[in-house]
Amino acid sequence: FLKFFIFLYNWSIHIFWEELVVNKTILIIEDEEDIRDIIYHYLKKEGYSVKEAANGYTGINTALNERIDLIILDLMLPDISGYDVCREICKNRNIPIIMLTARNDIVDKIRGLEIGADDYITKPFDIREVMARVSVCLRRIEGVKSIVVNEHVIEVNSDVKINKESREVFKSGEVIKLKPKEYDLLLTFAENKNIVMSREKLLERVWEYDFEGGSRTVDVHVQRLRKKLDTDGNRTIIETIFGVGYRM
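Letter by letter, the sequence shown follows residues 45 to 292 in our numbering.
What follows is the structure in structure tokens.
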């Protein structure tokens with residue numbers, strides 16, 4: 045019986061993973077062919093569909109005109125900056141972006157997060173880390189989509205509402221475009237109203253692993269949520285509890 049149970053468990057995990065990976069298309073925007081080829085090879089090996097772009101403008105065109113589920117973006121491109129590519133894509137599409145860079149300066153990482161990146165990997169990297177971060181990002185999105193709840197709408201305040209079923213956020217009746225991790229962070233706050241949450245706890249809940257940017261990552265995403273959701277003259281939607289963390 046135990047062997048049969050283990051077989052069923054492993055089979056269910058295999059089926060879940062196949063469903064998660066199937067039809068997921070990842071775009072690699074990277075000018076270094078050897079790096080692009082390595083990432084391409086391992087993504088294909090995991091079962092993903094993969095698109096490639098060797099420069100920024102081609103990457104933007106692909107991201108805006110094809111169905112892309114996640115982007116791996118190099119910052120140092122031959123035509124335009126990876127920051128500009130990220131900014132242009134984020135203005136028009138809500139696609140998770142993982143940035144690659146040879147720079148190890150925390151300022152560069154924060155800048156990427158501020159303009160819309162969801163994650164950051166420093167070169168040289170272990171390809172297993174890239175694969176892990178890709179799967180975590182996609183799994184998080186799918187996991188939230190699959191939650192079964194009786195009430196799909198959470199009222200944050202009189203202006204802001206969250207539809208958990210569609211993963212949409214509304215402000216005064218209009219849809220507000222949020223990046224996947226911005227949405228996950230907002231939902232975490234909304235489901236823990238009036239509870240003070242430390243940066244470490246938020247990192248654990250939303251990012252699921254130790255992020256290179258540390259607690260500053262949370263600060264950047266909170267600032268982005270405030271900018272998109274706060275109403276002029278009203279109290280901020282997310283309150284800073286100095287020395288502790290944040291509270292909604």
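Each residue gets a CB set at the ideal place from its N, CA and C atoms; glycine is no exception.
Close Cβ partners of residue i (< 6 Å) along its chain, the five nearest in sequence each way excluded
i: ILE198; result: ILE206 and ALA234
i: ARG279; result: none
i: GLU283; result: ARG291
i: ILE220; result: VAL213 and LYS272
i: VAL200; result: ALA234
i: ILE70; result: LEU87, TYR92, VAL94 and LEU114
Reduced DSSP secondary structure (H/G/I, E/B, other) of residue i
i: GLU212; result: strand
i: TYR164; result: strand
i: GLY289; result: strand
i: GLU199; result: strand
i: GLU244; result: helix
i: ASN99; result: coil
i: MET143; result: strand
i: LYS205; result: strand
i: LEU87; result: helix
i: LEU119; result: coil
i: HIS93; result: With the sequence shown as reference, residue 93 is identified as Ser, and His is not the correct amino acid for it. Looking at SER93 - three-state DSSP - the assignment turns out to be strand.
i: SER190; result: Interpretation of SER190 is limited by its pLDDT of 45, a score under 50 that renders its predicted location unreliable; the figure taken from the coordinates is listed afterwards. Coil, per DSSP.
i: THR261; result: helix
i: THR106; result: helix
i: THR69; result: strand
Contacts around residue i, its chain only, beta-carbon distance under 8 Å, and the 5 residues preceding and following it disregarded
i: PHE169; result: LEU144
i: CYS181; result: LEU114, PRO140, ILE142, ASP162, ASP163 and PRO224
Whether residue i touches residue j by CB criterion (8 Å)
i: VAL288; j: SER259; result: no
i: ILE133; j: ILE115; result: yes
i: GLU173; j: ILE165; result: yes
i: ILE142; j: VAL178; result: yes
i: ASN136; j: LEU108; result: yes
i: VAL129; j: GLY103; result: yes
i: LEU229; j: LEU269; result: yes
i: ASP274; j: ILE285; result: no
Beta-carbon proximity list for residue i, same chain, < 7 Å, skipping 5 on both sides
i: LYS167; result: LEU144, THR145 and ALA146
i: LYS225; result: ASP162, VAL250 and HIS265
i: TYR227; result: ARG211 and VAL213
i: VAL262; result: ARG243, LEU246 and LEU247
Bridge partner(s) assigned by DSSP for residue i
i: THR284; result: TYR290
i: ILE79; result: Partner(s): none; ILE79 has no beta bridge.
i: ILE220; result: VAL213
i: LEU114; result: ILE70
**OP:** Pair every Cβ in the stretch 124 to 139 with every Cβ in the stretch 86 to 104, then say whether three or more of these pairs are closer than 8 Å.
**Re:** yes
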